[in-house]
Amino acid sequence: MLQGRLFSYSDTHRHRLGTNYLQLPINQPYRTIVAHHQRDGPMNFSEGFNGAPNYDPQSQDPNGPQDQVNDIRARMSKVNLEGKTGRYSPKHAKSFKPGDDFEQPGNLYRLMKGPEQDDLIKNIVEHMKNVKDQKIVQRQIGLFNSADPEWGRRVQEGLDAAKQPPPVPAHGEKKE
1 MLQGRLFSYS DTHRHRLGTN YLQLPINQPY RTIVAHHQRD GPMNFSEGFN GAPNYDPQSQ
61 DPNGPQDQVN DIRARMSKVN LEGKTGRYSP KHAKSFKPGD DFEQPGNLYR LMKGPEQDDL
121 IKNIVEHMKN VKDQKIVQRQ IGLFNSADPE WGRRVQEGLD AAKQPPPVPA HGEKKE
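Read in full-length UniProt numbering, the sequence shown has 55 at position 55, and its numbers run on one by one without any break.
Next comes the structure, spelled out in structure tokens:
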């Protein structure tokens with residue numbers, strides 16, 4: 001019964017107080033700085049990392065929240081264990097095949113009918129057309145290409161078309 005309650009307490013806090021329930025002073029872990037990507041919203045007591053992006057990998061702020069895996073303190077274990085233990089990337093799993101990360105998204109894209117693919121491309125282009133850093137745009141298009149080359153090509157074509165200025169109406173024609 002105790003295990004069930006331990007599981008449900010954090011869900012209850014999240015429901016009542018929001019994702020930032022651990023920032024509430026009475027709920028804060030002792031002598032710990034909560035530095036993850038869950039921020040903003042109700043009950044936020046932090047400074048929100050001063051507007052830094054809240055996604056990984058992020059190239060905007062090298063001093064922003066970082067994974068703790070490389071920190072030796074995060075890898076230390078205080079539990080007596082037997083056998084081989086450690087943190088392993090899924091890339092080291094025996095069943096991992098290169099490209100597995102992109103297989104399901106590519107299958108989903110190919111499963112969509114023509115109008116559904118058109119809507120997806122339109123939505124992606126609409127959200128990406130104002131991105132100023134072209135490195136980020138190219139990295140994202142590379143991800144689409146990894147899932148399905150047609151997907152990446154169509155997003156690139158849509159972004160190229162979105163950069164073109166709208167046609168100027170001829171003299172006497174009404175603007176739409």
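Every residue, glycine too, gets a C-beta built ideally from N, C-alpha and C. Because the structure is a prediction, the values reported are computed rather than measured.
For K122, the enclosing alpha helix (DSSP H) has its first and last residue at 114-128. Counting C-beta pairs closer than 8 angstroms gives fewer than three between the region 123-141 and the region 97-113, which falls short of the contact rule. Sorting Q3, Y30, N44 by C-alpha distance to the C-alpha of R14 places N44 at the top.
For the 9 angstroms CB-CB criterion, D148 and G114 do not form a contact. For I121 against G83, the beta-carbon gap comes to about 49 angstroms, at or over 8 angstroms, which does not count as contact.
Taking a contact as a CB-CB distance under 8 angstroms, the pair I141 and Q156 counts as one, their CB atoms being some 5 angstroms apart.
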